[in-house]
Structures are given as structure tokens and as C-alpha cells.
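Q: First, the structure itself, so that you have it in front of you.
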Amino acid sequence: MSPLFIGMLTDYVAVDFANGPALATQTFKRNMELRGHRVALVGPRPGKHQRQAPEGSLLFDSLPFRQYTTVRIGFPAPTDTWNRHPGFDVIHAHTNSLAMHWAAMVRKLHGIPVVQTNTIYLPGFVHHAINEDLLTFPPLEGFWSAATRGVENVFGAAFNAGDGLIVQCQGLVEYWRRIGLQVPIHVIQRPIDVRNFNRELGPDPFQPDFPVGGRLLIACRHAAEKSLEKLLAAFAHHVLPRHPTASLTLIGDGPVHQELRTLTRTLGISHRCDFVGEKPQRELPEWYARADVFPYPSMTETFGQVVSESLWMGTPVVGFDDGMGVSHQVKHELNGLLVAPGRDEVERFGNAILRLLQDEPARRALGIEAARRQRESSAPEVVYAAYENAYAVAREHIAANPPAPLPVGALQKQMYLFRQHILPWATMHSLLVTAGSVPTSYRPRSDVPFDAPPVRPADETYAHRGGRTPMLATGRSAPAAASAAASAAIASVSTAASPAPAAVTVGARFDAATPSDTALPIHAVGTAADADVAPAAPAAKAARSSARRRQGEPHAG
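To convert, count from 1 in the sequence shown and add 45; that's our numbering.
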């Protein structure tokens with residue numbers, strides 16, 4: 046593809062706190078520039094005490110969202126783009142707010158193709174965007190349901206005004222098709238930052254009395270939608286009584302952090318739990334690689350970056366079959382275990398964790414397959430090539446579906462755009478700012494350099510110069526007997542596992558990051574609306590389908 050000038054519309058022009066979309070935006074900018082493109086960020090102006098945007102960014106006036114004090118709500122006044130072309134070849138609206146209206150306006154004004162990204166399942170999002178007391182106040186329950194449906198229609202119309210939509214799991218494809226989306230939809234996972242996750246690892250960070258073989262690790266924001274109380278209950282009632290040396294390490298902070306610490310004392314498990322606080326990205330590989338299981342109880346993920354990172358490092362995941370981000374990445378009994386939500390879910394979740402802790406060969410085999418599969422879908426060269434493909438499709442789409450002519454005359458044109466875009470944008474964002482104006486006592490840390498690279502980063506440029514992201518290696522070749530044992534272990538945990546993969550020099554725990562000679566197959570990343578990024582075994586797919594029928598419609602967020 047010829048070099049492009051990409052306008053990246055985002056809700057986060059700088060990484061000011063632990064935030065997957067913000068980190069993804071910065072990683073996108075860096076990697077697309079490595080591939081020869083130019084990238085300018087477009088988004089809300091940071092507050093005066095926040096980290097500032099990169100030079101060359103196009104910034105909107107903004108207001109704080111007090112539920113999450115580092116989030117800014119943009120209110121663009123796009124006077125610079127009424128009559129002047131911004132110079133972009135394509136606009137990538139990687140935003141979950143109605144700032145996407147700016148992209149639609151510029152498309153109408155200047156004929157620039159627009160690709161949009163959606164990472165929010167709106168019915169789930171309201172449970173952490175709106176104060177829970179307001180949300181559950183009986184007289185307002187009907188209002189919130191109607192408002193959610195209204196917002197879905199507004200977002201659907203905004204997406205249909207573009208030339209393509211990127212989502213990160215198949216569940217969102219099905220959701221938006223039900224809403225009525227007509228534009229091409231691409232399923233593209235977030236990439237892994239190989240600078241950090243393919244480097245040589247440092248010392249073991251776990252507590253000395255947390256022995257290998259019983260280490261559970263979870264990294265996420267400590268907020269109600271993550272359902273961490275279910276994990277603590279499963280650990281207290283179903284894991285620790287049968288595995289006394291098991292431990293649970295929790296990375297992160299958030300509004301319910303103190304409540305979770307209190308709950309561990311109430312449950313009598315505080316001596317086997319370690320709250321280590323928020324950690325910068327550069328420290329996470331050591332934690333993932335030396336954990337045994339990554340239990341993730343959240344049902345609100347449209348992707349789950351921490352799930353991807355854990356799988357990349359060869360640590361199997363136990364999660365719920367949510368029909369969205371977690372079950373899109375975790376294939377039951379191939380790279381982890383999925384639990385159907387519903388009755389007795391906490392007990393079954395705990396039993397799944399215990400099963401992996403008690404079966405080291407199976408756990409290791411799942412870890413090998415986890416690392417292999419994640420490189421097929423989240424390696425940088427796969428993801429960014431898929432982005433380029435989405436841009437090519439968008440250029441074809443706008444050629445076949447050019448924007449309708451705007452009214453003649455400057456005033457008439459401005460009034461039309463104000464009515465179609467500025468007014469709904471301002472109205473919805475005003476409601477969001479008002480609903481989110483109830484302050485919380487939680488204040489995200491601003492002294493943690495979440496996006497700082499490691500001291501000795503791995504090379505990142507090879508992936509965009511015809512190379513392939515290598516498997517990590519243990520520093521020794523896996524003997525045939527070990528490979529056979531791993532294959533047998535996979536078979537032992539699955540009644541319908543897919544054929545065993547070729548042997549690779551990778552273990553479930555990695556002590557080095559030396560590239561191996563194993564060349565991994567690279568497959569296309571979901572450019573069709575009905576394509577899974579990594580197909581599950583037929584039996585696993587049938588089990589997921591059955592679970593979804595029991596649950597009703599897929600739900601996550």
C-alpha cells in the first residue's frame with residue numbers, strides 16, 4: 046500500500062492512566078509510522094494538569110467526566126474544517142463517543158473515506174458510565190432502557206455514515222447487524238506491543254510464599270463491571286480449601302479497590318491475596334509469564350487486552366462464555382477454559398480454576414497453544430496489515446457511495462451540518478457530562494508511566510519489514526517426548542480438541558525471549574462480517590452456541 050496520511054480520531058490523545066484504548070492509540074500511531082504512513086491524532090484537549098498530546102495533533106475543546114476524572118468529553122467546533130481540507134487520505138475514528146460525528150462531517154465536506162472503530166457494547170456500558178444509584182432508581186429504569194435504545198440508533202446511524210466499521214470480536218458484528226448496520230465490518234484484534242512482550246524477562250515479581258503451581262493473576266481496573274467479587278468468592282470457597290498453597294495477585298486500582306480489600310478480610314483469604322496496585326505496561330510481562338492461570342470474571346469486555354497479553358505470554362485463561370471479547374479469544378479447552386454464566390457460576394468458575402492448578406501437563410499444553418494462537422491474530426504485522434486492508438475497502442466504498450451534495454451557500458451548508466451532526470453531538474455529550482457529574486472518591490494515579498517502554502525493549506521494526514513475530518523460547522528446544530506429552534495433555538482436557546499443532550520451542554512459562562526458528566502461519570484477520578479471527582473446534586463452538594441460547598442475546602461491554 047502507498048503511504049497514507051491518517052487522521053486518528055480518538056477519545057484519548059495521551060496515556061494519562063491505565064487505559065486499553067489510549068495505549069492502543071499510541072501503539073497504532075507508532076506502528077503505522079513504522080510502516081511508512083503519517084498519523085495525526087484528533088481528539089479532546091487534555092486538562093492543564095494532564096499529559097499533553099503529541100505535536101501535530103488536532104485538538105477539540107473539552108470538559109471533564111467526573112465519574113472518571115482523567116476522561117475528557119470533547120465538544121469540537123470544527124471551524125478549521127468547514128472550508129479547508131485537513132489533508133488526510135483516510136480518517137480512522139477510534140472513538141467510543143459521538144466525536145465520530147466530526148469524521149462524518151469531514152467526509153461530507155471533503156470526500157475523505159472514514160473507517161470507525163467500536164469497542165463498547167452499549168447496554169453494558171451504561172452500568173459503569175452512569176452512577177449506579179441513578180441507574181437503579183426505580184422511577185428512572187424505563188428511562189435508561191429507552192435512552193440506551195436511542196443511543197444505539199444514534200451510533201448505528203453515525204457508523205452507517207462512514208465507509209467501514211472495525212470491531213474486536215464477532216459478538217459485536219452480530220450486535221451491530223441487528224441494530225441495522227450496512228457498511229463493511231472488519232474483525233481486527235488489538236495488537237500486542239512486541240517491544241515489551243518479546244523482550245528478555247526480569248526477575249520473578251511474585252511474593253516468595255506464592256509458589257509456582259498455584260499462582261492466580263488478574264490485571265484490570267478495580268470497578269464494579271469487572272465482577273471481581275465473583276473471583277474472590279470462587280477463590281475463597283472453591284479453590285483455596287482444596288489447594289492451600291494457591292495465591293491470588295491483583296494488579297490494578299479503581300473505585301471499588303478498598304471494597305475488594307475489605308472483602309478479602311471478610312472471606313478470610315487476605316493472607317493469600319496480594320494487591321500490588323497499578324503497574325506500568327513495561328512491568329506486566331514478568332507477571333503474566335510467571336503466573337499459572339489468569340482467571341478473568343468480567344462479562345463486559347468487547348475485547349479484553351489483558352486476556353490477549355496473558356495468552357501471548359503462554360498463561361491460560363479461565364473466563365465466562367460471554368459471547369463477546371473473552372470467548373472470542375479464549376477457545377474452550379484449547380487455550381483456556383470457559384464457564385457458562387448462570388446458576389452456580391461462581392462454584393463452576395472456581396472448579397475450572399482448580400482443575401488447571403491441579404493438572405500441570407494440561408495447563409502447560411494450554412499455554413503452548415495460547416501463545417501460538419495469539420500470534421496468529423495479535424502479532425503487529427497481522428493487525429496493521431488488516432487495518433490497511435480496511436482502509437483500501439473504505440476507499441472503494443466511498444467511490445461507490447459518494448457523499449450526497451451539500452446545500453449550496455455557506456450559511457445553508459453550516460446549518461445543515463449543525464442540525465445533522467453538531468446538535469446531536471452536543472446534546473448527547475451534554476447529557477453524558479451531566480449524568481457523569483456525580484464525583485467519586487477514586488482518583489486514578491497520574492505518577493505511573495503506563496506507556497513507558499521497557500529499559501531494554503525488543504526490536505519492533507522487523508514485523509513491518511517482511512518479517513514475522515517470533516515465538517518466545519525457553520532457551521532450549523522442546524524434545525519430541527515433551528511435545529508428545531503436551532499433545533496428549535490437550536487431548537486429556539478436551540473430548541473434541543482440534544488436531545495437535547506442530548511442535549514449537551515454547552513453554553507455558555518463559556524465561557527468555559530469544560526468537561525461535563519456528564515460522565508461524567499468518568491468516569487474514571476478519572474482513573468478512575461472518576468470519577471468526579480464530580475458529581474454535583466444532584464441539585467448542587456448539588457448546589458456546591448452547592450457552593448463548595440459555596443466556597438469550599449475547600451480552601458484554
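Here a beta-carbon is modelled for each residue, glycine too, at the ideal position from N, C-alpha and C.
All values reported here derive from a predicted model rather than from experimental measurement.
1. Say whether the region 227–236 touches the region 171–191, bearing in mind that this needs 3 or more beta-carbon pairs closer than 8 angstroms, one atom from each stretch.
2. Ignoring anything shorter than 4 residues, give me the alpha helix (DSSP H) runs that lie fully in the region 256–342, in order along the chain.
3. Give me, in chain order, the residues of the same chain whose beta-carbon lies closer than 8 angstroms to that of S47; leave out the 5 immediate sequence neighbours on both sides.
4. Label Q252 either buried or exposed according to how many other C-beta atoms from any shown protein chain fall within 10 Å of its C-beta, with 16 as the threshold for buried.
5. Tell me the residue span of the alpha helix (DSSP H) that contains P406.
6. Tell me, please, which residues DSSP counts as bridged to H137.
7. I need the DSSP call for V58, collapsed to helix, strand or coil.
8. Between the C-alpha atoms of R521 and A336, what's the straight-line distance to the nearest angstrom?
9. Over the uninterrupted beta strand (DSSP E) stretch that includes S107, give me the two end residues.
10. Is DSSP giving R501 helix, strand or coil here?
11. Among H316, P131, N141 and I165, which has the Cα closest to the Cα of R152?
12. Here's the rule: buried if 16 or more other CB atoms are within 10 angstroms of the residue's CB, otherwise exposed. What is T347?
13. For G454, name the three-state secondary structure that DSSP assigns.
14. Helix, strand or coil for G381, going by three-state DSSP, please let me know.
15. Would you report the Cα separation of G624 and H137, rounded to the nearest angstrom?
16. Taking buried to mean at least 16 other C-beta atoms within 10 Å of its own C-beta, is D504 buried or exposed?
17. Report the option in G381, F365 and F320 whose CA atom is closest to the CA atom of R388.
18. First and last residue of the beta strand (DSSP E) that includes P361?
19. In chain order, what residues of the same chain have a beta carbon less than 6 angstroms from the beta carbon of Y461, not counting five sequence neighbours either side?
20. Looking only at C-alpha atoms, which of V362, C214 and I314 sits nearest to I413?
21. Grab me the residues of Q227's own chain with a C-beta within less than 6 angstroms of its C-beta, minus the 5 sequence neighbours each way, in chain order.
22. Using 10 angstroms around the beta-carbon of R244, count the other beta-carbons present and answer buried if the total reaches 16, otherwise exposed.
A: So, from the data block:
1. Because the criterion of three Cβ pairs below 8 angstroms is not met, the region 227–236 and the region 171–191 do not touch.
2. Counting only runs of 4 or more, we get 273–279, 302–312 and 329–334.
3. Nothing meets the Cβ criterion.
4. So Q252 ends up on the exposed side.
5. Element bounds for P406: E405 to S422.
6. Partner(s): M53 and V160.
7. Looking at V58 - three-state DSSP - the assignment turns out to be coil, as it is neither helix nor strand.
8. With a pLDDT of only 24 at R521, under the threshold of 50, the placement of this residue in the model should not be trusted, and no figure is reported.
9. Segment S107 to P109, the beta strand (DSSP E) holding S107.
10. When secondary structure is reduced to three states using DSSP, R501 falls in the coil class, being assigned neither helix nor strand.
11. Distances from the alpha-carbon of R152 to those of H316, P131, N141 and I165 put P131 closest.
12. The Cβ neighbour count for T347, taken over all protein chains shown within 10 Å, is at least 16; the residue is labelled buried.
13. In this structure, G454 counts as coil in the three-state DSSP scheme.
14. DSSP places G381 in strand when its eight states are reduced to three.
15. Because the chain spans 46 through 602 in this model, residue 624 falls outside it and cannot be assessed.
16. Answer is exposed; the Cβ neighbour count stays below 16.
17. For the residues G381, F365 and F320, the minimum Cα distance to R388 belongs to F365.
18. That residue, P361, is in no beta strand (DSSP E); it is neither H nor E in DSSP.
19. Counting only Cβ-Cβ distances below 6 angstroms, and skipping sequence neighbours, we find P452.
20. For the options V362, C214 and I314, the alpha carbon positioned closest to that of I413 is the one of V362.
21. Around Q227: N205.
22. By the 10 Å Cβ count, R244 comes out buried.
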